[in-house]
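A.B. asks:
Numbering (our numbering), first residue to last: 4 to 402.
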């Protein structure tokens, strides 16, 4: 950006919890986790000495990464050093930083082009006195000589003489009294989408899966009771036995075909949205690309491990890396154990009535675990959506 010469910039920051701070950029200062830094960010996501802010020779705000582990990002792009201007967003770990001019900058003399018969006229105006103000200090008079600048080796060594071309248009963050407004909020656009509709459909699919598991449990219980009556010598009509068999077959068909198809469709749609949101919510490197986070679910056996890693990554990064929740692990544990027990029950031999009853009892044992797993997944989705919306508000991505 070309604006900023002669202006005392103010650096603002916001951490993952929404706590804000600011410091004038009147000289160079370091930021990091170490107490030796001028500004201390108490977060493990920030390196001990992460970055430096200062002013170039021309008075422009400059950020410089100091070899940090997670990197310094300017408007989503990793940078080593760069100018920072109005509307730019810097990310360092869990922190978002931006710069603004002071609310009441001191008046300064600026030159404005005047008629040729009065080339030396000057007027004193306050910087940013009105929206859309031309950066007139950069516009020489008709008789003012332009001196070529010396080459710059870094933003901190920027030439003090600049080409007379800078014109700044009015933007919402130039309005007096709006100091400190986060850039993302005033830009009015971001890649973040809450995905509440997808989350709702995924939760409804989980409710359907819970209902199918309850259906299987009741149908298996009914057949166990019927078979037990037969084994105990009670008179049981043939139609009753056939009805018990048909009911369980219907329940199993719903649980192993209809429920998984619906759940897979709406679950993956939600995972795709939730994982894509991470690009807007964190600057930490992700373990999975957005496409891979969906495709891994289609790889048999491997998806057991990769699926857990994906849901844990979504949970962790949605919470700005503050904690690695145990909820995804519990979801996965009960789902795998419950499905394993139920599958084992279906695989057991069923040639005799006793074998049929034993298999049905095993199937019944797996259903409560599956029901618990689906309930936990509903909670997981709700917590993730809430965490992402909260994080988006902290970053100014949504109102």
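Ideal Cβ placement from N, Cα and C applies to all residues, glycine included. Here the structure is a predicted model, which is why all the values come from computation and not from measurement.
1. Compare the Cα-Cα distances from residue 47 to each of 35, 271, 39 and 371 and report the closest residue.
2. Restricting to runs no shorter than 4 residues, where is the alpha helix (DSSP H) found entirely within the stretch 319-359?
3. Looking at C-alpha atoms only, which residue of 313, 369, 328 and 84 is the closest neighbour of residue 219?
4. Quick one: is residue 234 buried, meaning 16 or more other Cβ sit within 10 Å of its Cβ, or exposed?
5. Alpha carbon to alpha carbon, how far is residue 337 from residue 375? Give it in angstroms, no decimals.
6. When DSSP labels each residue in this structure, what does residue 26 get in the three-state scheme?
7. Using the Cα positions of residue 96 and residue 351, report the straight-line distance between them to the nearest angstrom.
8. On the criterion of 16 or more Cβ atoms from any shown chain inside 10 Å, does residue 61 qualify as buried, or is it exposed?
9. Which residues does DSSP list as the beta-bridge partners of residue 18?
10. Comparing alpha-carbon positions, which option in 244, 270 and 52 lies nearest residue 310?
11. Measure the CB-CB distance between residue 247 and residue 231 and report whether it falls below 7 angstroms.
12. Please identify the residue among 276, 255 and 245 whose C-alpha is closest to the C-alpha of residue 214.
13. Measure the alpha-carbon distance for residue 391 versus residue 27 and round it to whole angstroms.
14. Compute the Euclidean distance between the alpha carbons of residue 244 and residue 344, then round it to the nearest angstrom.
15. Could you have a look at residue 294 and say whether DSSP puts it in helix, strand or coil?
16. If you draw a straight line from the alpha carbon of residue 359 to that of residue 264, how long is it in whole angstroms?
17. Could you tell me which residues DSSP puts in a beta bridge with residue 77?
18. Taking the alpha-carbon positions, what's the residue 16 to residue 279 distance?
19. Quick check: the Cα distance between residue 204 and residue 23, rounded to an integer number of angstroms?
20. According to DSSP, which residues form a beta bridge with residue 201?
21. Look up residue 57 in the DSSP assignment and give the residues it is bridged to.
22. Taking all protein chains shown into account, do 16 or more other C-beta atoms lie within 10 angstroms of the C-beta of residue 303, making it buried, or fewer, making it exposed?
23. Give the range of the beta strand (DSSP E) segment to which residue 35 is assigned.
24. What does DSSP give as the partner residue(s) for residue 12 in the beta ladder?
25. What residues are listed by DSSP as bridge partners for residue 100?
26. Please classify residue 239: does DSSP put it in a helix, a strand, or coil?
27. Mapping the DSSP letters down to three states, classify residue 85 as helix, strand or coil.
28. Determine whether the beta carbon atoms of residue 65 and residue 75 lie at a separation below 7 angstroms.
29. Can you tell me where the alpha helix (DSSP H) holding residue 282 begins and where it ends?
30. If you draw a straight line from the alpha carbon of residue 11 to that of residue 59, how long is it in whole angstroms?
31. How is residue 304 classed by DSSP in three states: helix, strand or coil?
32. With a threshold of 8 angstroms on Cβ separation, who are the neighbours of residue 299 within its own chain once the five nearest residues in sequence on each side are excluded?
33. If we ignore side chains and look at the alpha-carbon of each, how far apart do residue 320 and residue 335 end up?
34. Using the Cβ count rule (16 or more neighbours within 10 Å means buried), how would you classify residue 126?
35. Note down the Cα distance separating residue 84 from residue 50, rounded to an integer number of angstroms.
C.D. replies: From the atom records:
1. Shortest Cα-Cα distance from residue 47 to any of 35, 271, 39 and 371 involves 35.
2. Segments of the alpha helix (DSSP H) lying fully in the stretch 319-359: 330-350.
3. Comparing Cα-Cα distances from residue 219 to each of 313, 369, 328 and 84, the minimum goes to 369.
4. Exposed is the call here.
5. Computed Cα separation, rounded: 7 angstroms.
6. In this structure, residue 26 counts as strand in the three-state DSSP scheme.
7. A direct Cα-Cα distance of roughly 53 angstroms separates residue 96 from residue 351.
8. Answer is buried; the Cβ neighbour count reaches 16.
9. BP columns for residue 18 are empty, so no partner.
10. Checked all of 244, 270 and 52; the closest Cα to residue 310 is 270.
11. 7 angstroms or more divides the Cβ of residue 247 from the Cβ of residue 231.
12. Ranking 276, 255 and 245 by Cα distance to residue 214 puts 255 first.
13. In a straight line, the C-alpha of residue 391 is about 31 angstroms away from that of residue 27.
14. Using only the alpha carbons, I get a separation of about 25 angstroms.
15. The three-state secondary structure of residue 294, taken from DSSP, is coil.
16. Inter-residue distance for residue 359 and residue 264 is about 28 angstroms (C-alpha atoms, whole angstroms).
17. DSSP lists 80 and 93 as partners of residue 77.
18. Approximately 24 angstroms between the Cα atoms of the pair.
19. Rounded to whole angstroms, the separation of the alpha carbons of residue 23 and residue 204 is 36 angstroms.
20. For residue 201, which the question treats as bridged, DSSP gives no partner whatsoever.
21. According to DSSP, residue 57 bridges with 65.
22. With fewer than 16 neighbouring CB atoms inside 10 Å of its own CB, residue 303 falls in the exposed class.
23. For residue 35, the uninterrupted beta strand (DSSP E) run begins and ends at 32-35, by DSSP.
24. DSSP lists no partner for residue 12.
25. DSSP lists 16 and 93 as partners of residue 100.
26. Note: residue 239 maps to coil in three-state DSSP.
27. In the three-state reduction of the DSSP assignment, residue 85 falls in the strand class.
28. No, Cβ-Cβ distance for residue 65 and residue 75 is not below 7 angstroms.
29. Per DSSP, residue 282 belongs to the alpha helix (DSSP H) from 262-284.
30. Going from the Cα of residue 11 to the Cα of residue 59 covers about 12 angstroms.
31. The three-state secondary structure of residue 304, taken from DSSP, is coil.
32. The answer, listed in chain order, is 291, 305, 306, 309, 310 and 313.
33. Looking at the backbone, the Cα of residue 320 and that of residue 335 are separated by about 18 angstroms.
34. Note that residue 126 scores a pLDDT of 39, beneath 50, so its modelled location is shaky; the value from the coordinates is reported in the next line. Result: exposed.
35. Here the alpha carbons of residue 50 and residue 84 stand approximately 16 angstroms from one another.
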